[in-house]
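J.:
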Amino acid sequence: MTSRLSGIHASGGPGCHGRIDRADDPALPPAVLVAVHDDAPDAVVREVCAGAEEQGIPTALLGSSSVAAEQAGRFAASESRLEVGVGVGVDGAVVVRHALVPDAVLALAGGSSPAALRVLGGDAARIVAGLPLRSIAAGD
Amino acid sequence: MSQVDGPAPASSASLVIGVDIGNSTTEACIAEVEGSEIDRLASSLTSTTGVKGTPANIAGAVTAVRRALEAAGRPADALATVLLNEATPVISGLAMETITETIITESTMIGHNPDTPGGEGLGVGMTVTLAETAEVEAETPVVVVVGAGADFDDVAHALNRALERGVDVVAAVMHGDDAVLVVNRLARRIPVVDEVSAVDRVPLGMLAAVEVAPPGRTIRTLSDSYGLASTFDLDAEQTRQVSPVARALSGNRSAVVVRTPAGDVTDRRIPVGTLTLSGSGRSLDIGVDQGADAIMEAIGRVAPLNDVHGEAGTHVGGMLANVRDTMTDVTGQPASEIRIRDVLAVDTLVPATVRGGLAGEVSKENAVALAAMVRTSRSRMQAVADALSTEIGCETIIGGVEGEVAVRGALTTPGSSVPIAIIDMGGGSTDAALLDRDGAVSAVHVAGAGELVTKLIDSELGLEDREAAESVKRHPLAKVESFFHVRHEDGTVQFFTEPLPPHVFAKVVTVTPEGLAAVPVRGSLEEVRRVRREAKRRVFVVNALRALAQVAPQGSLRLLGSVVLLGGSALDFEIPGMVADALAPYGVVCGIGNVHGTEGPRNAVAAGLVDAYAGTAAGPAPARVAAS
Numbered sequence: 001m002t003s004r005l006s007g008i009h010a011s012g013g014p015g016c017h018g019r020i021d022r023a024d025d026p027a028l029p030p031a032v033l034v035a036v037h038d039d040a041p042d043a044v045v046r047e048v049c050a051g052a053e054e055q056g057i058p059t060a061l062l063g064s065s066s067v068a069a070e071q072a073g074r075f076a077a078s079e080s081r082l083e084v085g086v087g088v089g090v091d092g093a094v095v096v097r098h099a100l101v102p103d104a105v106l107a108l109a110g111g112s113s114p115a116a117l118r119v120l121g122g123d124a125a126r127i128v129a130g131l132p133l134r135s136i137a138a139g140d
Numbered sequence: 001m002s003q004v005d006g007p008a009p010a011s012s013a014s015l016v017i018g019v020d021i022g023n024s025t026t027e028a029c030i031a032e033v034e035g036s037e038i039d040r041l042a043s044s045l046t047s048t049t050g051v052k053g054t055p056a057n058i059a060g061a062v063t064a065v066r067r068a069l070e071a072a073g074r075p076a077d078a079l080a081t082v083l084l085n086e087a088t089p090v091i092s093g094l095a096m097e098t099i100t101e102t103i104i105t106e107s108t109m110i111g112h113n114p115d116t117p118g119g120e121g122l123g124v125g126m127t128v129t130l131a132e133t134a135e136v137e138a139e140t141p142v143v144v145v146v147g148a149g150a151d152f153d154d155v156a157h158a159l160n161r162a163l164e165r166g167v168d169v170v171a172a173v174m175h176g177d178d179a180v181l182v183v184n185r186l187a188r189r190i191p192v193v194d195e196v197s198a199v200d201r202v203p204l205g206m207l208a209a210v211e212v213a214p215p216g217r218t219i220r221t222l223s224d225s226y227g228l229a230s231t232f233d234l235d236a237e238q239t240r241q242v243s244p245v246a247r248a249l250s251g252n253r254s255a256v257v258v259r260t261p262a263g264d265v266t267d268r269r270i271p272v273g274t275l276t277l278s279g280s281g282r283s284l285d286i287g288v289d290q291g292a293d294a295i296m297e298a299i300g301r302v303a304p305l306n307d308v309h310g311e312a313g314t315h316v317g318g319m320l321a322n323v324r325d326t327m328t329d330v331t332g333q334p335a336s337e338i339r340i341r342d343v344l345a346v347d348t349l350v351p352a353t354v355r356g357g358l359a360g361e362v363s364k365e366n367a368v369a370l371a372a373m374v375r376t377s378r379s380r381m382q383a384v385a386d387a388l389s390t391e392i393g394c395e396t397i398i399g400g401v402e403g404e405v406a407v408r409g410a411l412t413t414p415g416s417s418v419p420i421a422i423i424d425m426g427g428g429s430t431d432a433a434l435l436d437r438d439g440a441v442s443a444v445h446v447a448g449a450g451e452l453v454t455k456l457i458d459s460e461l462g463l464e465d466r467e468a469a470e471s472v473k474r475h476p477l478a479k480v481e482s483f484f485h486v487r488h489e490d491g492t493v494q495f496f497t498e499p500l501p502p503h504v505f506a507k508v509v510t511v512t513p514e515g516l517a518a519v520p521v522r523g524s525l526e527e528v529r530r531v532r533r534e535a536k537r538r539v540f541v542v543n544a545l546r547a548l549a550q551v552a553p554q555g556s557l558r559l560l561g562s563v564v565l566l567g568g569s570a571l572d573f574e575i576p577g578m579v580a581d582a583l584a585p586y587g588v589v590c591g592i593g594n595v596h597g598t599e600g601p602r603n604a605v606a607a608g609l610v611d612a613y614a615g616t617a618a619g620p621a622p623a624r625v626a627a628s
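In order, the protein sequences belong to chains R and C. So the first sequence is residues 1 to 140, counted in UniProt numbering. So the second sequence is residues 1 to 628, counted in UniProt numbering.
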């Protein structure tokens with residue numbers, strides 16, 4: 001469960017606790033959970049985790065049987081002790097959810113740019129940190 | 001709106017409507033007048049169209065009349081007379097000029113304070129590109145400059161390889177938002193400053209220092225003159241030269257300073273010219289860069305002002321010429337005949353992008369905002385009245401002097417008595433009037449009101465969004481602390497059962513009747529609140545005291561007795577309190593007007609016009625006004 005110091009790790013990185021089997025493991029520090037289907041693209045997971053890592057919030061990967069990002073995100077958020085979860089779908093779509101908020105907080109369709117995915121991962125962390133979300137800063 | 005019980009109006013009663021065209025709003029009060037009996041039916045409010053006192057006002061006036069008729073349930077043809085205020089021909093103009101600027105030469109300094117710098121500590125070395133790290137000799141201290149598009153894994157890999165070769169990589173400066181990611185992957189923890197948008201302009205082969213403070217701390221070495229001297233081995237004269245760099249960086253969590261042959265950071269005062277203030281007895285020249293206090297003091301010395309000119313060919317000259325041109329456009333008077341009768345100068349700080357900065361650095365520059373008030377000829381109001389007659393199809397009378405009528409309206413506030421002073425806090429000007437025991441009314445208009453407050457808030461917060469600034473002015477602030485609760489500016493917490501939308505999450509918001517609206521600022525709630533209150537204080541409190549001093553007996557506020565606050569800004573949630581606090585030391589009873597006990601601070605002039613009309617028709621004015 002310790003982070004690896006260097007080298008390319010397609011899913012996660014030093015800011016990620018890596019793949020975990022059960023979210024309620026008491027040894028695991030609180031983390032933004034990223035629920036990932038086995039067939040989800042690694043590059044998407046990498047950018048999402050990097051975004052959160054840059055914000056200084058740990059992530060952990062959770063295996064998911066859901067093909068769609070929406071269900072995976074719902075599962076991740078409900079399992080996360082920080083109440084924030086990210087679902088990555090087989091098509092590369094990403095959904096950020098908060099356990100207490102009925103609707104998805106943020107979502108990106110499959111095939112989104114690495115930069116957009118990075119910002120989205122950062123925003124998942126910013127929900128935990130209580131900072132304004134960047135992906136919708138321009139809107140509103 | 002007040003409905004008086006009684007029999008249906010007799011045929012001798014006539015339907016009269018008072019219309020008050022203000023700088024921002026046009027108000028109407030409709031009433032049935034029979035002899036001196038007034039039966040007020042309804043009132044209405046709409047935005048003023050065009051500049052007050054110009055024919056463009058007709059559309060707004062017609063809207064106000066129609067709405068009042070509708071509210072009263074009367075047909076338009078029942079209307080006998082429209083009473084129009086003799087809109088005191090006062091129009092105001094606004095201008096703002098920055099009087100300082102910060103310039104960075106030779107890309108000496110990066111002080112933009114990214115949210116997430118990486119690592120911590122101070123690193124001093126030669127600037128090299130990422131590609132050059134492969135060729136640098138071992139033991140050489142280097143600061144690596146990473147260009148756009150580099151992946152964090154590749155950067156970390158390259159830096160680790162250089163470290164393995166014995167190169168002393170002490171720090172890095174990056175284009176992307178990757179500092180934490182890179183530092184997490186390095187064998188040695190070094191300070192990294194990221195999000196430097198113009199990283200390609202960082203001078204290479206120069207000695208540079210990068211400092212990142214731990215979370216919650218600010219840098220200590222690069223923000224200190226002697227810290228810089230020690231870092232770059234400077235002598236006393238050189239230290240004196242770099243001290244502006246240190247000052248510019250103080251308070252930052254991260255910074256980069258590059259030592260170049262002629263690199264410098266300068267604070268320059270922009271020559272903006274002088275104002276020539278012409279009073280009745282003499283005239284004075286005052287440099288705008290001396291700031292608002294000096295300007296206001298000079299205005300006080302030449303009072304009363306006849307006209308103000310700006311030095312030709314300078315910023316301030318252009319600024320006042322603009323005000324005159326605007327007035328010429330709206331009034332049709334030649335610019336040479338337009339006289340600026342009052343000026344309110346306010347010092348302000350404006351965030352401005354630093355010239356020569358590499359990362360969009362912003363520095364707070366001094367600026368002076370000027371509100372100028374112009375008197376125009378009366379003939380334009382007659383044009384408005386004529387057009388209004390044609391449009392509505394009934395007689396239109398231009399009623400009494402605005403100040404007098406407003407005092408009459410204000411006197412209907414329960415608890416008020418003569419002598420009475422009013423402060424009408426509008427959009428363009430702040431007006432004061434005094435009715436003394438002998439029944440004499442004196443009135444003044446001073447430049448600066450709600451519009452100037454909005455402009456100050458807009459520029460000080462760097463919003464560049466008038467709507468957002470208006471919202472900050474009008475509504476209290478709150479901070480959204482979670483998806484389910486906000487903390488209001490007074491500290492109280494409000495819980496919501498429905499989750500708040502993501503676009504307001506963790507934002508500073510204004511609490512409006514329509515819901516929460518995000519304020520597009522990076523600053524804290526306290527900062528926004530301070531800017532808002534200061535803007536209101538520097539315009540309304542300053543102007544209330546300035547205007548009252550001009551109408552008060554012997555210029556002494558102590559002799560005023562009571563002050564009634566009128567106008568749209570009297571409805572503000574904090575301005576009346578701020579003005580009342582400022583007047584408290586003078587033993588003045590100060591409160592918000594409540595015209596006819598029902599209308600609040602609005603409608604004083606419109607209602608006063610009707611009262612004055614009834615008073616004229618029946619002979620004496622209402623008893624309370626006449627009482628001496």
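For glycine and all other residues, C-beta sits at the position ideal for the given N, C-alpha and C.
Examine the Cβ distances between the segment 24-39 of chain C and the segment 103-120 of chain R and report whether three or more of them are shorter than 8 angstroms.
T.: no
J.: Below 7 angstroms between beta carbons is the criterion; list the residues of the segment 41-55 of chain R that meet it against any residue of chain C, in chain order.
T.: Ala50, Glu53, Glu54 and Gln55
J.: Put Pro141/C into one of helix, strand or coil per three-state DSSP.
T.: strand
J.: Closest by CA to Val354/C, which one among Val563/C, Val256/C, Gln382/C and Ile103/C?
T.: Among Val563/C, Val256/C, Gln382/C and Ile103/C, the Cα nearest to that of Val354/C belongs to Ile103/C.
J.: So, Ile190/C versus Gly119/C, is the Cβ gap smaller than 7 angstroms?
T.: In this structure, the beta-carbon distance from Ile190/C to Gly119/C falls below 7 angstroms.
J.: Select from the segment 473-484 of chain C all residues with a C-beta closer than 8 angstroms to any C-beta belonging to chain R, and list them in chain order.
T.: Within the segment 473-484 of chain C, those residues whose Cβ lies closer than 8 angstroms to any Cβ of chain R are, in chain order, Glu481, Ser482, Phe483 and Phe484.
J.: DSSP state of Gly73/C, grouped into three classes?
T.: coil
J.: Quick check on Val493/C: buried or exposed, where buried means 16 or more other Cβ atoms within 10 Å of its Cβ?
T.: exposed
J.: Closest by CA to Leu277/C, which one among Thr54/C, Ala262/C, Arg558/C and Val308/C?
T.: Val308/C
J.: Do Val86/R and Ala124/R have their beta-carbon atoms positioned less than 7 angstroms apart in this structure?
T.: yes
J.: Residues of chain C with CB closer than 7 angstroms to the CB of Gly15/R, please, in chain order.
T.: Asn184
J.: Could you pull out every residue in the same chain whose Cβ sits closer than 6 angstroms to the Cβ of Gly50/C, ignoring the five residues on either side in sequence?
T.: Exclusion of the five residues before and after Gly50/C leaves Ala56 and Asn57 as the residues of its chain whose Cβ lies within less than 6 angstroms of its Cβ.
J.: Per DSSP, Gly87/R is paired with what?
T.: Ala35/R and Val95/R
J.: For the segment 161-206 of chain C, list the alpha helix (DSSP H) runs that are entirely contained and at least 4 residues long, ordered along the chain.
T.: 179-184
J.: Where are the beta strand (DSSP E) runs, 3 residues long or more, that stay fully inside the segment 43-123 of chain C, in chain order?
T.: 79-86, 90-98 and 100-105
J.: Whole angstroms is fine: what's the gap from Glu489/C's alpha carbon to Leu477/C's?
T.: 5 angstroms
J.: List the residues of chain C whose Cβ lies closer than 7 angstroms to the Cβ of Gly130/R, in chain order.
T.: By Cβ distance, chain C contributes Glu481 and Ala506.
J.: Touch check for the segment 539-547 of chain C and the segment 503-516 of chain C: three-plus C-beta pairs under 8 angstroms?
T.: Contact fails: fewer than three Cβ-Cβ distances are below 8 angstroms.
J.: For Gly332/C, collect the residues of the same chain with a Cβ closer than 8 angstroms to its Cβ; drop the 5 residues on either side in sequence, then sort them by chain order.
T.: Taking C-beta separations shorter than 8 angstroms and ignoring five residues to either side along the sequence, the partners of Gly332/C in its chain run Arg380, following chain order.
J.: Sorted by chain position, which residues of the same chain lie with C-beta nearer than 7 angstroms to Ala109/R's C-beta, five sequence neighbours on each side aside?
T.: Ala93
J.: Taking 7 angstroms as the CB-CB limit, is Ile57/R close to chain C?
T.: no
J.: Could you check if Leu100/R is buried or exposed, using at least 16 other CB atoms within 10 Å of its CB as the buried criterion?
T.: exposed
J.: Below 9 angstroms on C-beta distance, what does His37/R contact in chain C?
T.: Those within 9 angstroms of His37/R in chain C number zero; the least Cβ separation is about 24 angstroms.
J.: From the DSSP output, in three-state form, read off Pro351/C for me.
T.: strand
J.: At the 7 angstroms Cβ level, is Asp25/R part of the contact set with chain C, yes or no?
T.: no
J.: I believe Thr127/C touches Val143/C by the beta-carbon criterion, under 8 angstroms. Please report the beta-carbon distance rounded to the nearest angstrom.
T.: A Cβ-Cβ separation of about 5 angstroms places Thr127/C in contact with Val143/C under the 8 angstroms criterion.
J.: Identify each residue in the segment 77-109 of chain R for which the Cβ-Cβ distance to at least one residue of chain C is less than 8 angstroms, and report them in chain order.
T.: His98, Leu100, Val101, Pro102, Asp103, Val105 and Leu106
J.: At least one CB of chain C closer than 7 angstroms to the CB of Thr2/R: is that the case?
T.: Annotation note: pLDDT 36 at Thr2/R (below 50); position unreliable, coordinate value reported separately. Not an interface residue.
J.: Taking the Cβ atom as the reference point for each residue, do Val32/R and Val84/R lie within a distance shorter than 7 angstroms?
T.: yes
J.: Just confirm the distance between the C-beta atoms of Asp264/C and Gln290/C, as a whole number of angstroms; I'd bet it's less than 8 angstroms.
T.: No, Asp264/C and Gln290/C are not in contact; Cβ-Cβ is about 26 angstroms, not under 8 angstroms.
J.: Distance cutoff 7 angstroms, beta carbons only. Does Leu133/R sit that close to anything in chain C?
T.: yes
J.: In chain order, what residues of the same chain have a beta carbon less than 6 angstroms from the beta carbon of Thr430/C, not counting five sequence neighbours either side?
T.: Val446, Ala449, Asn543 and Ala547
J.: For Thr412/C, which residues in the same chain have their Cβ closer than 6 angstroms to its Cβ, ignoring the five residues on either side in sequence?
T.: Val595 and His596
J.: Any idea which residues DSSP pairs His485/C with across the strands?
T.: Phe495/C
J.: Could you tell me which residues DSSP pairs with residue 655/C in its beta bridges?
T.: Outside the modelled stretch of chain C, which goes from 1 to 628, sits residue 655/C, for which no answer is possible.
J.: So for Ser11/C, helix, strand or coil by DSSP?
T.: Note that Ser11/C has pLDDT 49, beneath the 50 cutoff, so the model's placement of it is unreliable and no number is given.
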